[in-house]
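Everything below concerns the one structure shown next.
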Amino acid sequence: MDSNTGNFDSKETLFGINSRVTLCQMCSRLAEHIKFISSNIPKRFRNDPYWARPVPSFGDVNARLLIIGLAPAAHGGNRTGRMFTGDSSGDWVAKALFQTGFANTSVSRCVNDGFALNDAYITAVVRCAPPQNRPTSSEIANCAQYLRSELDLLDKTIKVIVTLGRVAFQTYCKLVDNTEIEFRHGGKFNIKDNKVLLSSYHPSRQNTNTGRLTWNMWIQVFKTARMILDSPH
Ligand code: SF4
C-alpha cells in the first residue's frame, strides 16, 4: 500500500509494518503517557480528536531518501496521527522537503491535508510519544524491530538516509553495524551498499528557537540529499 495515497502496490508489506505498529503496546510507560496526554489537552487543541496511538511511518514506498526522526511529538504526530505533522518540527520538515522537491506542498498540518512525499519516506526511532521527548533505551530497543523491517524492505531503493538528532543517528548506525562514526550536524558518511548517511540536528523548537539549528544549516542537509540523488552515480 502506498502510504501517501492509500493505493495497494507490490510493497504492501510496509503497510503491514504500519498496521502492526498502530496496534503495538509493547512499551507500557509510553502507552500510559499517551493516555495522559489525551487527558491533558491544551486549550488550543481542545476541539481536536487525538490519534493517541503509535504513529505509523509514511511516504513513497519506492523512496530513495529515508528520514529517521526520534519520536512523535505529544501534540504533533500523536495528535494528528502522522509523523512530523501539526507542530513546529513538522513545519521545518515539510518546508525543507518541498523546497528540495521531495514533497508536493510546504505544509503538513493534518492527515487529510493532501501533503504527500515524493521519493522520500519518513520513519522514527520510536512510534509513541515519550515523556519529555526522551524514550528509554529499552523503548528504543523494543521499537527497533519496526525500523529494522523497514530498512530491509526499503533497502533496494534507499540511497540517502537523513537522521534527525543523535539518538536517530546512533540507532540507525547500530542497526546497520556501523558504530565507528560520530554524530555531528552536517555529517556526510559513505556507508555500505553505496548509501550515504547525512546527520542533522533534530528540528525541535529547542534547537530552532535557540539558533543551534538555523534554517540555512537545515536546508543544506536536504540540498545535499537532492544533489546526491540527482548526480549520475
Ligand atoms: S514505541 Fe514502538 S515498540 Fe514501543 S509501544 Fe510504541 S510502537 Fe510499540
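Residues are numbered in our numbering as their position in the sequence shown, beginning at 1, plus a constant of 955. Think of the CB as a built atom: it goes at the ideal place given N, C-alpha and C, for glycine as much as any other residue.
Which listed residue (995, 1100, 1006 and 1139) has its alpha carbon closest to that of residue 1172: Sequence index remark: in the sequence shown, residue 1172 carries index 217 (1-based). Of 995, 1100, 1006 and 1139, the residue nearest in Cα terms is 1139.
Coil, strand or helix - residue 976 by DSSP: Here residue 976 refers to the residue found at position 21 when the sequence shown is read from its first residue. Helix.
Identified DSSP bridge partners for residue 1023: Position 68 of the sequence shown, counted from the start, is the residue given in the question as residue 1023. According to DSSP, residue 1023 bridges with 1078 and 1118.
Test item, CB below 6 Å from any non-hydrogen atom of ligand 1: 976, 979, 980, 981, 982, 985, 1009, 1081, 1082, 1083, 1094, 1097 and 1098
DSSP-derived helix/strand/coil call for residue 1014: Taking the first residue of the sequence shown as position 1, residue 1014 is located at position 59. If DSSP states are grouped into helix, strand and coil, residue 1014 belongs with the strands.
Validate contact between the region 982-992 and the region 1084-1095 using beta carbons, cut 8 Å, 3 pairs: yes
Cβ-Cβ separation, residue 1010 to residue 1032 (assumed contact under 8 Å), whole Å: As a working note, residue 1032 is residue 77 in the sequence shown. As a working note, residue 1010 is residue 55 in the sequence shown. At roughly 4 Å, the Cβ-Cβ gap stays under 8 Å, so residue 1032 and residue 1010 are in contact.
Cβ-Cβ separation, residue 1162 to residue 1153 (assumed contact under 8 Å), whole Å: Position 198 of the sequence shown, counted from the start, is the residue given in the question as residue 1153. Position 207 of the sequence shown, counted from the start, is the residue given in the question as residue 1162. Wrong, their Cβ atoms sit about 16 Å apart, outside the cutoff.
Minimum Cβ-Cβ distance from residue 1084 to chain C less than 8 Å: Within the model displayed, chain C is absent; a lone protein chain is all it includes.
Where the beta strand (DSSP E) containing residue 1143 begins and where it ends: For this step, residue 1143 is matched to residue 188 along the sequence shown. It spans 1142-1146 - the beta strand (DSSP E) in which residue 1143 sits, taken as one unbroken run.
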